[in-house]
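Written as structure tokens, this is what we have:
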């Protein structure tokens, strides 16, 4: 039951994160958002580490794997999500984000010797049909403004999928707190570097109540606490179970976008979501088998 409670809590937090990203974009660029959310997200985790007087961060840790997961689960996808929401609504971004479990299964097949069943392949196909529905089957949109918004979100889900499978395989013996601290620290550093390169410095973020709330929500909750919950589920259950949180995120994100940002909830949005969720359900329902070499 506690695993499902963590799953539900994470879906609510990450559903709101798409709203917070949209609210912060007028004040900084995608890399600025990565830096802010990682910096304010990792601070309370370091405090927890100090209060518990734990000394787990040593040279013996699998730093190569932590670096890979930090870049692929934090730096790259979070920057891509910010870039995506500059072109499409937070609701559409959240729906596309729901393809992460599909990509996790697909990545497992391609790079981690996991065999997929016929049902899982059907699920992957249905998920991509859902993306086409979001485009209203107008493929030409992929070469317009939507190319950046939709394309970057799809790349973000691929990045999440690789990171989840890698974490399950190589970081299962590392504590959840250490994984969260290490990956967010890597995200803070890479976010700062990206912010310097792109000159997307935060401006006026403390000038009003809205960006302050967005930073707190996206940093402490959407990055710090959420990372603890995510890696807890990866470690205690599986990468597939942890990424199933993306079943629920679009629903909360769509409601927040509608209530706060007055985003339109079109028929394509609902039908696209339905197809993607059916695809996610089928691709994750059948048990995968490890290929024997």
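Numbering (the UniProt record's numbering), first residue to last: 1 to 293. Each residue gets a CB set at the ideal place from its N, CA and C atoms; glycine is no exception. Note that the coordinates shown come from a computational prediction; the quantities given were computed from them, not determined experimentally.
In this structure, DSSP gives residue 116 a state outside helix and strand, which the three-state scheme calls coil.
In the three-state scheme derived from DSSP, where H, G and I count as helix and E and B as strand, residue 236 is classed as helix. The alpha-carbon of residue 20 is positioned some 7 angstroms away from that of residue 215.
Boundaries of the alpha helix (DSSP H) around residue 195: 176 to 198. Counting of Cβ neighbours within 10 angstroms places residue 51 among the exposed residues, the total staying below 16.
Your pair residue 177 and residue 48 checks out as a contact, with CB atoms roughly 7 angstroms apart and the cut at 8 angstroms. Assigned with DSSP and collapsed to three states, residue 25 falls in coil, not helix or strand. Going by DSSP, residue 103 is part of the alpha helix (DSSP H) stretching over 100 to 111.
Within the same chain, Cβ atoms closer than 6 angstroms to the Cβ of residue 78 are found at 34, the five residues on either side in sequence being excluded.
Three or more Cβ pairs drawn from the segment 3 to 19 and the segment 223 to 233 lie within less than 8 angstroms of each other, which places the two stretches in contact.
Taking a 10 Å sphere around the C-beta of residue 197, we find fewer than 16 other C-beta atoms and assign the residue as exposed. With fewer than 16 other Cβ atoms from the protein chains shown falling within 10 Å of its own Cβ, residue 204 counts as exposed. A Cβ-Cβ separation of about 7 angstroms places residue 160 in contact with residue 103 under the 8 angstroms criterion. Residue environment for residue 250: buried (at least 16 other C-beta atoms within 10 angstroms of its C-beta).
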